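According to my numbering, the sequence shown is numbered sequentially starting from 18.
Backbone N, C-alpha and C define an ideal beta-carbon position, used for all residues, glycine too.
All values derive from a computational prediction rather than experimental measurement.
What follows is a set of notes on a single structure, which appears directly below.
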Amino acid sequence: MCCAWCTPKKGCAERRVTGYGGAVSDTIGPADWQPVDDLLDRLLVGDDPALTAALADSAAAGLPPIEVSAQSARLLYLLTRIRGARRVLEIGTLGGYSTICLARGVGAEGSVVTLEYEPRHAEVARINLERAGVADRVDIVVGAALDSLPGLTGDFDLVFIDADKENNTAYVQWAIDLGRPGTVIVVDNVVRQGRILDPADGDRQARGVRDMLEMMSTHHRLDSAAIQTVGRKGWDGFAIAVVT
18 MCCAWCTPKK
28 GCAERRVTGY
38 GGAVSDTIGP
48 ADWQPVDDLL
58 DRLLVGDDPA
68 LTAALADSAA
78 AGLPPIEVSA
88 QSARLLYLLT
98 RIRGARRVLE
108 IGTLGGYSTI
118 CLARGVGAEG
128 SVVTLEYEPR
138 HAEVARINLE
148 RAGVADRVDI
158 VVGAALDSLP
168 GLTGDFDLVF
178 IDADKENNTA
188 YVQWAIDLGR
198 PGTVIVVDNV
208 VRQGRILDPA
218 DGDRQARGVR
228 DMLEMMSTHH
238 RLDSAAIQTV
248 GRKGWDGFAI
258 AVVT
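Right, here's the structure in full:
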């Protein structure tokens, strides 16, 4: 049987998908990921002026375009709602794109603590959060996360980790320590274009992710899973766990 990414073998029918926006390529691959993202964003996310402005201002300020995708941001919002989270911890603020969605998820009575290493990123995030009308729910802590985490007080209902991958194992352990049974942990960028299979010498990010996944697989207080994703952000994925 042919896989979705290979050149069809002899006798194997090429696949053609039609529908919204017309046909995609006969051999489905990366060229088709962005049109599908466009469709999903239009149907399930829609026009969101606050998020659009957050992206634009982050780009204008020179922040790297490494924020989560629109669908991932929507998923964070939904997970926060599903969990009924009222206290959320985010490690890695960037321009506040995902922070806005987490703050919306906790509602007017909830709160988000978000940790950001770069002061310039934190300043951009403050402006974006204020524009989105959720700044009063968010506390931005500037500095190295591993220096800030010991000063925080649990119990967080949900923890989102999207920071320097080299320290992911430590961040997950802190999420456990600052959580409680039922706390949801979400970690972004856990596939690294497949580099986690055999991290090369010097690839500290892929090695950090692989070490974290190994830790999550054996930790007695975690039930975990990971899902690969494709789209305009490329080939990556996220891990999700619940503290037991």
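Environment of I193 [buried if 16+ CB atoms lie within 10 Å]: On the sequence shown, position 176 is the one that residue 193 refers to. With 16 or more Cβ atoms within 10 Å of its Cβ, I193 is classed as buried.
Euclidean distance between Cα positions of A120 and A48: The residue you call residue 120 lines up with position 103 of the sequence shown. The residue you call residue 48 lines up with position 31 of the sequence shown. When the Cα atoms are used, A120 and A48 turn out to be separated by approximately 33 Å.
Backbone secondary structure at G254 - three-state DSSP: As a first step, residue 254 must be located in the sequence shown, where it is residue number 237. Of the three classes helix, strand and coil, the one that applies to G254 here is strand, per DSSP.
D240 versus E231 - alpha carbon distance: Here residue 240 corresponds to residue number 223 of the sequence shown, with the count starting at 1. Here residue 231 corresponds to residue number 214 of the sequence shown, with the count starting at 1. Spanning the two alpha carbons is a distance of roughly 13 Å.
The beta strand (DSSP E) enclosing G122, as first and last residue numbers: Locating residue 122 in the sequence shown gives position 105, where the first residue counts as 1. Going by DSSP, G122 is part of no beta strand (DSSP E) but of the alpha helix (DSSP H) stretching over 114–123.
Simplified DSSP assignment, three categories, for T261: By one-based count along the sequence shown, residue 261 stands at place 244. Under the three-state reduction of DSSP, T261 is assigned to coil, being neither helix nor strand.
C-alpha gap between I244 and R227, whole angstroms: As a working mapping, residue 244 is identified with position 227 in the sequence shown. As a working mapping, residue 227 is identified with position 210 in the sequence shown. Near 14 Å, if we compare the C-alpha coordinates of R227 and I244.
Sequence-distant residues of the same chain with beta carbon closer than 7 Å to H236, five excluded per side: Here the question's residue 236 lines up with position 219 in the sequence shown. Answer for H236: no residue qualifies.
Backbone secondary structure at A73 - three-state DSSP: Position 56 of the sequence shown holds residue 73. Taken through DSSP and simplified to helix, strand or coil, A73 comes out as helix.
Helix, strand or coil at K27 according to DSSP, with G and I counted as helix: Residue numbering aside, residue 27 sits at position 10 when the sequence shown is read from its first letter. Residue placement at K27 cannot be trusted, given a pLDDT of 40 that sits under 50; what the coordinates show is reported in the next sentence. DSSP places K27 outside both helix and strand once states are collapsed to three, so it counts as coil.
Distance CB(A87)-CB(V62) smaller than 7 Å: Here the question's residue 87 lines up with position 70 in the sequence shown. Here the question's residue 62 lines up with position 45 in the sequence shown. Yes, the Cβ-Cβ distance between A87 and V62 is below 7 Å.
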